Amino acid sequence: MKGLHLTADLYRCRCAAEWLTDATQLGEWCVEAVEAVGLQVVGRLFHAFPATERGPGGVTATVLLAESHVCLHTWPEERAVTCDVYVCNFSGDHSAKARGLMFALVNRFQPEWTEQRSLDRGEEA
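Residues in the sequence shown are numbered consecutively from 0, following numbering that gives the first Met the number 0.
Quick look at the structure:
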């Protein structure tokens, strides 16, 4: 189960507002970004939350991969996003693809600053 798990918390995103509120637009772009780095989509779920007194509802976008998953959650009232990219390296080392995907995700939202983490998962065989 050797793999790489990347996370990023994005703050004060300067992207257009619809990237934080439009589940269809964000989800379709996520699928394109996954395919662009050479990972394989096997499922997807994109959900928009209703607006509240604090502002427009956010989005959860999940793309299931043959290699594992990508998940995004947006908070439009805070202009914030969390990103989660996990790849298992069972059939080969997908670490570079995961890093390329995370780079694309961060660039999409244009945050003023990020907190990123990387976790090697599992043990060497």
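Even glycine gets a Cβ: it sits at the ideal position worked out from N, Cα and C. Model, not experiment: these values are computed from the prediction.
Asked: Proximal residues to Gln24 (C-beta, below 8 Å), its chain only, five neighbours per side dropped; Found: Glu17, Trp18
Asked: Bounding residues of the alpha helix (DSSP H) (the contiguous stretch that carries Glu34); Found: 22-35
Asked: Buried/exposed call for Cys66, threshold 16 Cβ in 10 Å; Found: Checking the sequence shown, residue 66 turns out to be Glu, not Cys. The residue in question, Glu66, is buried, as its Cβ has 16 or more Cβ neighbours within 10 Å.
Asked: Touch test, the segment 108-119 against the segment 43-55, Cβ-Cβ under 8 Å, three pairs minimum; Found: no
Asked: DSSP state of Glu17 mapped onto helix, strand, coil; Found: helix
Asked: In DSSP terms, what Phe45 is bridged to; Found: Ala60
Asked: Closest Cα partner of Asp83 within the set Gly99, Pro49, Asp92; Found: Gly99
Asked: Element boundaries [beta strand (DSSP E), containing Leu38]; Found: Careful: Leu38 lies outside any beta strand (DSSP E) and carries neither H nor E.
Asked: Backbone CA spacing between Pro75 and Phe108 [nearest angstrom]; Found: 11 Å
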